Each structure stands twice: as C-alpha cells, then as structure tokens.
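Using UniProt numbering, read the sequence shown as starting at 1 and increasing by one per residue. For each residue, glycine too, the CB sits at the ideal point set by N, CA and C. Since we're looking at a predicted model, the values are computed, not measured.
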Amino acid sequence: MHIGISIAKNNNAASELLKRFECSLSCLNSVIYLFLNSPTATRRNAIKRICKLHGQPILGLLSTTLPLIPWHRNNMSLLDQFSLKGKTAVVTGGARGLGLEMMRAFAEVGASVACIDVLPELGKHSVNDIHRDFGVLATTWECDVTDDEQVRTTFDAIAKKHGSINVLVTAAGVVKNFRAEQYPAADFRRLMDVNVNGTFFCAQAAGNHMIAQATGGSIILIASMSGSIVNRPQPQCAYNASKGAVIMLAKSLATEWAPRGIRVNSLSPGYMETGLTKALFEKEGENGPVLKATWEGHTPIGRIGKPHELKAMAVYLASSASSFVTGELSDSDGRGERVRWGMRRGRGRGAKMEDLMKSGEVVRATTDGCNW
1 MHIGISIAKN NNAASELLKR FECSLSCLNS VIYLFLNSPT ATRRNAIKRI
51 CKLHGQPILG LLSTTLPLIP WHRNNMSLLD QFSLKGKTAV VTGGARGLGL
101 EMMRAFAEVG ASVACIDVLP ELGKHSVNDI HRDFGVLATT WECDVTDDEQ
151 VRTTFDAIAK KHGSINVLVT AAGVVKNFRA EQYPAADFRR LMDVNVNGTF
201 FCAQAAGNHM IAQATGGSII LIASMSGSIV NRPQPQCAYN ASKGAVIMLA
251 KSLATEWAPR GIRVNSLSPG YMETGLTKAL FEKEGENGPV LKATWEGHTP
301 IGRIGKPHEL KAMAVYLASS ASSFVTGELS DSDGRGERVR WGMRRGRGRG
351 AKMEDLMKSG EVVRATTDGC NW
C-alpha cells in the first residue's frame, strides 16, 4: 500500500508534489519529517488529503505517529517557546482570582482568551480590561460547568468565534467545609459536581476540539495542595478528595490523549491571597489573623502566595516550552504543609487554632473560603 503526502505551500503545486512524495507505510515517519519545513496549516491540509484518499485507518496511524515526531527541533529562541501567539486559551472561573491572573498571563504572551464563568458581568469587565491592556481578542461566556450539554455548546461557540481551542485551564471550583461526621450530603454532592464533574466535562469538550483540529493542545487542570496533603486545622474532607480526583484525572487524560498530541497536567496552588481569602480573614475578625498566621506557619517560605506568582507556571505548561511535560503535578505552594511537622512545632504559633478546632470556630471560619 502506498500513500502520498503533500507539503505544498500552495494549492497549485499540491497535485504535482502529491505524486512525487509517494512512499510505503514503512517509510511513513521519514516522509512526515518533511513537515518540519512546512507551516502548521499545510501539515493539517496534508493530513486531510491523506485521510480522504486512503481512509480512516491512516488517520489512526497519523494520530499515533505525529506526536512522537520532534516538532520542536527548530530554531525557536527560548523566549519564543513561551509565546502563545495564534492560539486560543479558554479559562473556566476566569472572571476573578487565579483564573483571571492566568488568563491575563496568556493574553500577555499573545493568546486570544475566552473566559467561562457563572458571573457574566464580572467576566465581561475582566475581558474588557484584557483587550484594553493587551489588544487580543477576549470574550466571556456564561456557563454552568456541571451541565455537560451546556459545556459542549459553549466550547463549540468559542471554537467558532476564536477559530480554534489550543489551551484550557479549569480554574472553576468551590469549597465548603464541615466536619466529616456532620457533612451535609447535598453540599458534598454539589462540591464534587463542580470540582470533579465540571473539570472533566470541560476537559472532555476541549479535548474533542483539539482532537478534531489535529494540532494537539495543552490542558491544565487546577488542583490544589489539598489534593496531596491534609490541611490543618480546617476540616475539608470533601475539598481534599475532589482535588485528589483532579490530580489523577490529569494523569489519566494525559495517558489517553498523548497519542493525539494533547498534553494534560495539573497545577496545585497552596494558600493564595485572593479576594476570597481576604474576605474570609476580614469576616472572622480576631480569628482571621490567627488563621492566616497558622497557614503561614505551615509554609517554609512563611507567607501566603500572591496570585501573580502562578502566571509563569501557567504559561510554561500552556506553551511549547513544556512540550515534553504531560501527566505531571506542578506544585506552587511554598511547600506548604508538606514539612509541617518539621516547621515551627513547639513555638505555639498554631496553639490557639487547635483550641478553635476543638470549639468548632474554625469550621465556621473556613466554610466559604477558597484557595483560589
């Protein structure tokens, strides 16, 4: 069986080149290497031509082979590898907090951005600021990530408006804390629905578009240090379990979609100084500073993170700079809690919070908080 591959840069030369570049399947990899000197659009057109001529089995073979080719064996500078020019980044929960910071970072390196949130007015304000500051196409879409049909429709609309979907960040999430023995079933189900089901539905929708585009992509699932450790002193079994699920979901999707050229990684923030955490500290009055000091005391760096400190990590994972990174968990937590028992123990910094834990105050203090 023979196939022809065209690397023509214009339609007029396509037929002639198609005849010249015939080879057997055993030589497929060698011929595909010729794509290294062709623009992305030409590669995509060649794949479509092959599939039209030789049927679906060729598509399967190409989808397995293309990601293995060292596309990044080129003369791109280090800084150019971090560029997202010509790409579209979708960020759920992008209207505020960490999602907004990452969306702004993508726009800063050239990507058009699409914000998905349940706060349409805030989202509109955020994308208007992005367009003003960076001059890129920035759109906002109201969507409930727990509604799979609504998610599919929204991603279809984004792809139509922006032309493609190349990057996804799932930053939408909630947290609600109760003691395990008292956790209301409805609240537990709601949290899992948003943090786990919503994350999967969005990754699935983006993944389907990336597969159809045949150009690969990068998906970043926002997890949390709470997916790897148990936070003290607040009781948050549901949130911890949901973020543990997100971490394993990223590994599973990375394994399934690697042959398609789609990379999937998880990013785990630690305690971050967002509007939600600030409001939490203020709401709790004198207990707020104690909670903040306890969190800081469990972190070797000795402070809570700033949202902008996630920007570089997000750009790295989204860009070709991390082309050989998939299925990984990237921590950005100041090493919080992980060395807790070797840090500050016996200094009394968290003693008062242990008393609050016994009294139940810390449960109320963290009911509506969120790392991001």
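Taking the C-beta atoms as reference points, residue 249 is found nearer than 8 Å to residue 199.
Counting along the chain, residue 268 sits inside the beta strand (DSSP E) bounded by residues 262-269.
Contact between the segment 176-185 and the segment 101-112 is not established, with fewer than three Cβ pairs separated by less than 8 Å. Residue 117 counts as buried, since at least 16 other C-beta atoms from the protein chains shown sit within 10 angstroms of its C-beta. For the pair of segments examined, the segment 262-270 was found to touch the segment 311-326: the number of CB pairs separated by less than 8 Å reaches three. By DSSP's assignment, residue 273 forms no beta bridge with any residue. In this structure, residue 88 places its C-beta atom within 8 Å of the C-beta atom of residue 114.
Classified as exposed, residue 79 has fewer than 16 neighbouring CB atoms from the shown chains inside 10 Å of its CB. The count of Cβ pairs closer than 8 Å, one atom from the segment 237-255 and one from the segment 287-299, stays below three, leaving the stretches out of contact. Here the segment 251-261 does not lie against the segment 294-307, with fewer than 3 beta-carbon pairs under 8 Å apart.
Per the Cβ contact rule, the segment 162-175 is in contact with the segment 192-210 (3 or more Cβ pairs under 8 Å). Exclusion of the five residues before and after residue 140 leaves 115, 123, 124, 127 as the residues of its chain whose Cβ lies within less than 6 Å of its Cβ.
Going by C-alpha positions, residue 112 is about 36 Å away from residue 282. The secondary-structure analysis by DSSP pairs residue 115 across a beta bridge with 91, 140. Judged by beta-carbon spacing, residue 90 lies within the 8 Å limit of residue 158, meaning their Cβ atoms are closer than that value. In the DSSP secondary-structure assignment, residue 211 is not bridged to any residue.
Here residue 130 carries a helix assignment [DSSP, helix/strand/coil]. In the structure shown, the three-state DSSP call for residue 218 is strand. The DSSP-derived three-state label of residue 145 is coil.
The DSSP-derived three-state label of residue 167 is strand.
Minimum Cα-Cα distance from residue 161 among the listed residues 238, 299, 138 corresponds to 138.
Beta-bridge pairing by DSSP links residue 329 to 266.
In the DSSP assignment, the residues bridged to residue 305 are 272. Within 10 angstroms of the beta-carbon of residue 313 lie 16 or more other beta-carbons, which makes it buried. Around the beta carbon of residue 311, a 10 Å sphere encloses 16 or more other beta carbons of the protein chains shown; the residue is thus reported as buried. For the pair residue 175 and residue 236, the Cα-to-Cα distance works out to about 8 Å. Between the C-alpha atoms of residue 177 and residue 234 there is a straight-line separation of about 8 Å. Here the alpha carbons of residue 147 and residue 129 stand approximately 28 Å from one another. The beta carbon of residue 76 lies closer than 8 Å to those of 320 in the same chain, with the five residues before and after it left out.
DSSP places residue 243 inside the alpha helix (DSSP H), whose first and last residues are 237-257. Residue 182 carries a helical assignment under DSSP once its states are collapsed to helix, strand and coil. For residue 85 and residue 121, the gap between their C-alpha atoms comes out near 27 Å. Around the beta carbon of residue 94, a 10 Å sphere encloses 16 or more other beta carbons of the protein chains shown; the residue is thus reported as buried.
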